[in-house]
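Trainee:
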Amino acid sequence: MALTLVALLAAAAAGLFRSAVPAGRADPVAAVAAGLRCPACQGESLVDSRSPIAVSMRQVIADQTAQGRSPDEIRRWFVARYGEEVLAQPPARGPGLLLWVVPALALLGAGAAAARTMRARRPARVSPADRPTRRRSRRPVWWLAAAGLVALVVAVAVAADRLAPPTVTPRTDPTAVALKLAYDLEGQQRYDAAAQMYREALRDRPDDGVRLRLAFALLRAADAAGAEQAAGQVLDHAPESPDGLLVLGLAQRITRPTVASATLRRFLAVAPAHPAAPEIRRLLGS
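Start counting the sequence shown at 1; every next residue gets the next number (the numbering used here).
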């Protein structure tokens, strides 16, 4: 029985150690990505997901790793933007601590029982009248150890079932993540990747504000035709949109130069005080 308890202790400790050590230690990008959840997927990490959002998030991890940031710094960067829900294993709080506290207590109890049993097996000088009493005194120890192991299994099973279901839907809003990623990518002047994130956001949020951001990103990425199309969709809903007219006119300077001036003059008529108005006046005067 003592050997059995020792084996159980070793197996449980090894399991807890393996669960606490992140996979993919050899590849720092994969190690960080394995600890982050794909916001657009069902229970997948960034390592396993093939969604465009996951691809962009992995690229952000690679960029920050190349800049010399540590894995903890990168994780904190994601948590600051998307909340702790982006973590594959958020920090245990409240009832979630049962997953760690109960196994630890059970291991301590089993260890104490094993140590006591090992000491009891040492030869001792006792009278024959005392031997039955000593044998009977060992039984409560084994009952307590068995009860502790049963409590461990039950508590972990209940807690795992209630607190960490494997198919839980991430609470992080995929559209919000896509938009924040797009802003970050624009700040890095990666306009093609930003445009892809804006398209992802538009799938779930067909908003003219997002379409305008997409149009600007496409224009900066030298995709004038795409920018013209996106700006045209905005103007279909809001014909007097100053930003829509601005992007459309600038895109038309490449795609359809003959109509670009008329579009830009219409922009000036609609929004003469727009921050871009002075530059457009200089552009039209040249």
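Every residue gets a Cβ at the ideal spot worked out from N, C-alpha and C, and that includes glycine.
#1: Per DSSP, what kind of secondary structure is cysteine 38 in: helix, strand or coil?
#2: Provide the residue(s) that pair with leucine 87 in DSSP beta bridges, ordered along the chain.
#3: Quick check on the burial criterion: 16 or more other C-beta atoms within 10 angstroms. Buried or exposed for aspartate 223?
#4: Out of Ala40, Leu36 and Asp48, which one is the CA nearest neighbour of leucine 61?
#5: State the DSSP-derived secondary structure class of serine 70, mapped to helix, strand or coil.
#6: Using a 10 Å radius around the Cβ and a threshold of 16 neighbouring Cβ atoms, would you call aspartate 243 buried or exposed?
#7: With a threshold of 7 angstroms on Cβ separation, who are the neighbours of alanine 262 within its own chain once the five nearest residues in sequence on each side are excluded?
#8: Label arginine 135 either buried or exposed according to how many other C-beta atoms from any shown protein chain fall within 10 Å of its C-beta, with 16 as the threshold for buried.
#9: Thinking just about the alpha-carbon of each residue, which of Ala251, Ala217 and Pro174 is nearest to the one in arginine 190?
#10: Let me know the secondary structure DSSP gives serine 49 once reduced to three states.
#11: Take glutamate 200 as the anchor and find which of Leu212, Gln252, Ala178 and Trp77 has the nearest alpha-carbon.
#12: Which residues bound the alpha helix (DSSP H) around alanine 269?
#13: Alpha helix (DSSP H) containing alanine 290: first to last residue?
#14: For the pair the stretch 65-72 and the stretch 28-47, tell me if three or more CB-CB distances fall below 8 angstroms.
#15: So alanine 176 packs on leucine 185, CB below 8 angstroms; how close in whole Å?
Mentor: Taking the definition as stated:
#1: If DSSP states are grouped into helix, strand and coil, cysteine 38 belongs with coil.
#2: Leu36
#3: Burial check for aspartate 223: the Cβ neighbour count within 10 Å reaches 16 or more, so the residue is buried.
#4: The question names leucine, but residue 61 is isoleucine in the sequence shown. Of the candidates Ala40, Leu36 and Asp48, the one whose C-alpha sits nearest the C-alpha of isoleucine 61 is Leu36.
#5: coil
#6: buried
#7: Here the set comprises nothing.
#8: Confidence in arginine 135 is poor, its pLDDT being 49 and thus under 50, which makes the residue's placement too unreliable to answer from.
#9: Ala217
#10: Reduced to three states, the DSSP call for serine 49 is coil.
#11: Ala178
#12: Per DSSP, alanine 269 belongs to the alpha helix (DSSP H) from 257-270.
#13: With the chain running from 1 to 286 in the structure shown, residue 290 is simply not present.
#14: The count of Cβ pairs closer than 8 angstroms, one atom from the stretch 65-72 and one from the stretch 28-47, reaches three, so the stretches are in contact.
#15: Their Cβ separation, rounded to whole angstroms, is 15 angstroms, which puts alanine 176 and leucine 185 out of contact at 8 angstroms.
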